[in-house]
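Trainee: Heads up: the protein sequence lines correspond to chains A and B, in order. Going by my numbering, the first sequence opens with residue 1, and the numbers climb by one from there. Going by my numbering, the second sequence opens with residue 1, and the numbers climb by one from there. A single structure is presented below for examination.
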Amino acid sequence: MATSPSLKPASSPAGVVHSLAYTRYAGPRRSPAMVPLVIARYALMAQLRQRGVKVALLVGLLLLTIFAAAMGFKWALPTIVSGSAFGGGAMAAPQLAEMVREGEADVLTMTLRAQFLPAFLLVLWCGAGAISADLMAGAFQFHFSRPVSPARYLAGRMLSASGWALALSMATLLVLCIERLAFQSTPLGAARAFGLGTVAVLLELTSMSAVALGVSSLTRRKGLAQAMFAAIVFAGWVLFRSLGALIRAPWVKTLDLVSCVDAMVSQFNHDSPLRGAQAAIPALAWLVWTAGALALAGWRLSRAEVNRV
Amino acid sequence: MSAVLEFVGVSKWYGAVLGLRDVSLQINPGITGLLGPNGAGKSTLLKCMTGEVRPSRGEVRMFGRRVPDPEVFRKLGYAPEIEVFFEELTGREFVAHLAEISGFARDEADRRAAAVLQRVGLESAMNRRVSTYSKGMRQRTKLAQAILHEPEVVLLDEPMTGLDPLGRAQMVALIQSIGAEGRTVIVSSHILDEVEVMTREIVVLYQGQLLAQGDLHAIRGLIDRHPHHLALRTPKPRELAAALANEDFVVALRFDGDDRLMVETRDPDRCYSAVPRIAKQLGLPLLSLTSPDDNLGAVFRYLTMGARGGAA
């Protein structure tokens, strides 16, 4: 039944069908798989306009500069000394190999150390309050009345929670790798360090973002969510470290959110104290933190209506 | 042809609190006013349509498909009641963001955002941050994001809230223009006057129950427990009252000032035709003949009084 759109809508108590032949948009649409990227892009744009994010990024850039200068100096020094009158000639091959190995280990460790505080602050600011803010504002309605599934929404929030921290960490890693290449390493060695460093950064930020979003999904109060996240990171670290020392079990020290990634990085660098079956504990701890937090957030999102009543 | 929107025996409990009770209704293209006092279940009904609230019993269908359904959501535009959204974004970015989520490419989303914000009268403010927007501007922004993807169904939850009289008039005109395009527009409101200007099709909810649905005048006709009121203006109301007192369709007569006579009747159609005839026979000028309770306010009052078991 098609009539002119200019016709006045008919009205009747009997409930007559009033078709005015409206034709909806039938042009191209992008795949819903792009939704996480769209959510993340706009969230990152909005975050960049917040003072806290700007400050954390500036702190990150400052630390990047300091660490790059310090590590550059450390790696350049043997070259300078060995080439000078005080160096006593060229270094022996085993000594050189050990120095290169240590240098590559430094890349992983220093990337995480340099950016831990800014990354924590950025995830705290961008991730721990993200779902809480949407809960408080009721902004789910803007997303979920569109073809957006809770899983895609969560993926978008994950990307936006860790986006700026990832950019900072990767920039740090890249600078350190370039320095390695300039002073000590071969292209292959620098590439290897970059690959392992990328994995380490992703492990750290994935677990941190997941936990931040998990706690964020529990409450409408952004401040409370941020406090809970900070408590998990710092109190968890103190708790497991103390417990590990008390019962003299090194593996217990790797159970908290931060240490599990540090322990895996130590394993990458072949200087982990964990042996045998215990070697799997940091990875398992990481998996429990990440999967558990994501499952919690997913469950809360799938029951979003509960939060609104 | 099936209805655009269909509720089949929908009930919703929030724990021990009843949100909706066995609501069955059909909604078709055009503007429909969703009315009810606070807590009547209006927002719950809308959220059932958006899939945000799952019915405890029954089902909601849109275009014959059960909600929630991503394909159905492509045809849906929703302006929720909330006033806080992505404050750091500009109005244009906010709307473009939601357009992209709806599946439009970046350039197309931006073009549509600009066009739709222009349509709702925000062309000069679209590049300002949402945090600087007034309530009225936020309402317009919400409306813009609800219609930017050309949905067939537009749900507006309390779109008049926070608007000044001029803003309300503009919003009413906007909603009317959207309805005139052939879309199915459902407007939840407790401001009856504005709903009445927009549409005669209403759905009335009360304490989670469907109290009435259909054309306002027809619903009024169905409320037979309440006599209809007619207001007559004539220079000699007592002479006219004496003549009308003999008519069996008149229930009561009351004088209201020097030239005004209120007539209560249970047969308004006969009354409407008889009054001018009798006035003519008596040689009395009839200055006006109106029905003060054939409006949404009165119907709403009668319906909710009836639901409460109030006196007629």
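C-beta atoms are modelled at their ideal positions from N, C-alpha and C, and glycine is treated no differently. In this text the structure is predicted, and so the values were computed from the model without any measurement.
Confirm, please, whether the CB-CB distance from B/L216 to B/I202 is below 7 angstroms.
Mentor: yes
Trainee: Measuring alpha carbon to alpha carbon, tell me which residue in B/I31, B/A40 and B/L89 is nearest B/V195.
Mentor: B/I31
Trainee: Note down, in chain order, each residue of its chain lying with its Cβ closer than 8 angstroms to the Cβ of A/T79, except the 5 sequence neighbours on either side.
Mentor: Within the same chain, and ignoring the five residues on either side of A/T79 in sequence, the residues whose Cβ sits closer than 8 angstroms to its Cβ are F183 and Q184.
Trainee: Taking 6 angstroms as the limit between beta carbons, can you name the residues of its chain near B/A115, skipping five residues before and five after?
Mentor: none
Trainee: Got a sec, what are the start and stop residues for the beta strand (DSSP E) B/Q26 sits in?
Mentor: Run containing B/Q26: V17 to I27, per the beta strand (DSSP E) assignment.
Trainee: Of the residues that make up the stretch 127-144 of chain A, which ones have a beta carbon closer than 8 angstroms to any beta carbon in chain B?
Mentor: M136, A137, G138, A139, F140, Q141, F142, H143 and F144
Trainee: Measure how close the beta-carbons of A/V59 and A/L117 come, nearest whole angstrom, since I'm counting them as under 8 angstroms.
Mentor: 7 angstroms
Trainee: Considering only the alpha carbon of each residue, which of A/L284, A/S145, A/C126 and A/R113 lies closest to B/R54?
Mentor: A/S145
Trainee: Measuring straight from C-alpha to C-alpha, what distance separates B/Q26 and B/M49?
Mentor: 12 angstroms
Trainee: Please confirm whether B/V228 has its beta-carbon closer than 7 angstroms to some beta-carbon of chain A.
Mentor: Looking at the sequence provided, one finds His at residue 228 of chain B rather than Val. It does not: the Cβ of B/H228 has no partner Cβ on chain A nearer than 7 angstroms.
Trainee: Roughly how many angstroms lie between the CA atoms of B/R119 and B/R112, to the nearest whole one?
Mentor: 10 angstroms
Trainee: Tell me whether A/I66 is buried or exposed, calling it buried when 16 or more other Cβ atoms sit within 10 Å of its Cβ.
Mentor: exposed
Trainee: Output, in chain order, the set of chain B residues within a Cβ distance shorter than 8 angstroms of A/Q50.
Mentor: E88
Trainee: Hey, how far is the Cα of A/L243 from the Cα of A/F234?
Mentor: 14 angstroms
Trainee: Helix, strand or coil for A/Q47? Go by DSSP, reduced to three states.
Mentor: helix
Trainee: Look up B/V31 in the DSSP assignment and say whether it is helix, strand or coil.
Mentor: Checking the displayed sequence, the identity of residue 31 of chain B turns out to be Ile instead of Val. B/I31: strand per DSSP, three-state reduction.
Trainee: Let me know the alpha helix (DSSP H) ranges lying completely inside the stretch 131-176 of chain A, each 4 residues or longer, listed in chain order.
Mentor: Under the rule that a run must span 4 or more residues, the alpha helix (DSSP H) segments found entirely inside the stretch 131-176 of chain A read 140-144.
Trainee: If you draw a straight line from the alpha carbon of B/I278 to that of B/A218, how long is it in whole angstroms?
Mentor: 27 angstroms
Trainee: Distance cutoff 7 angstroms, beta carbons only. Does A/A76 sit that close to anything in chain B?
Mentor: no
Trainee: Between which two residues does the alpha helix (DSSP H) holding B/D193 run?
Mentor: L192 to M198
Trainee: Alpha carbon to alpha carbon, what distance is there between A/G223 and B/L5?
Mentor: Approximately 41 angstroms, taken between the alpha carbons.
Trainee: From the DSSP output, in three-state form, read off B/S188 for me.
Mentor: strand
Trainee: Can you list, in chain order, the residues of the stretch 236-250 of chain B whose Cβ is nearer than 7 angstroms to any Cβ on chain A?
Mentor: none
Trainee: How many angstroms separate the CA atom of A/S209 from the CA atom of B/Q213?
Mentor: Cα-Cα distance, rounded: 49 angstroms.
Trainee: Please confirm whether B/T265 and B/F255 have their CB atoms less than 7 angstroms apart.
Mentor: no
Trainee: Out of curiosity, what's the CA-to-CA distance linking B/I210 and B/S188?
Mentor: Per the sequence presented here, residue 210 of chain B reads as Leu, with Ile not at that position. Computed Cα separation, rounded: 14 angstroms.
Trainee: For a minimum of 3 consecutive residues, which ranges assigned as the beta strand (DSSP E) are wholly contained in the stretch 148-190 of chain B?
Mentor: Qualifying beta strand (DSSP E) stretches, in chain order: 153-157 and 184-189.
Trainee: Run through chain B and tell me which residues come within less than 7 angstroms of A/A46, C-beta to C-beta.
Mentor: F86, E88 and L89
Trainee: Kindly list the residues whose CB is nearer than 6 angstroms to the CB of B/G142, restricted to its own chain and excluding five residues on each side of it in sequence; keep chain order.
Mentor: Going by the sequence as given, residue 142 of chain B is Lys instead of Gly. Within the same chain, B/K142 has close Cβ partners A79.
Trainee: Alpha carbon to alpha carbon, what distance is there between A/L213 and A/G129?
Mentor: 8 angstroms
Trainee: Along the chain, where does the beta strand (DSSP E) containing B/D215 start, and where does it finish?
Mentor: Q209 to D215
Trainee: Counting C-beta neighbours from all protein chains within 10 Å, is the total for A/T290 16 or more, i.e. buried, or is it exposed?
Mentor: buried
Trainee: Going by other Cβ atoms of all chains shown within 10 Å of its Cβ, with 16 needed for buried, is A/H270 buried or exposed?
Mentor: exposed
Trainee: To the nearest angstrom, report how far apart B/P285 and B/D267 are at their CA atoms.
Mentor: Their Cα atoms are separated by approximately 23 angstroms.
Trainee: Given that A/P250 touches chain B, what residues does it touch there, using C-beta distances under 7 angstroms?
Mentor: None at all; the shortest Cβ gap to chain B is about 45 angstroms.
Trainee: Report the three-state DSSP secondary structure of B/S43 (helix, strand or coil).
Mentor: helix
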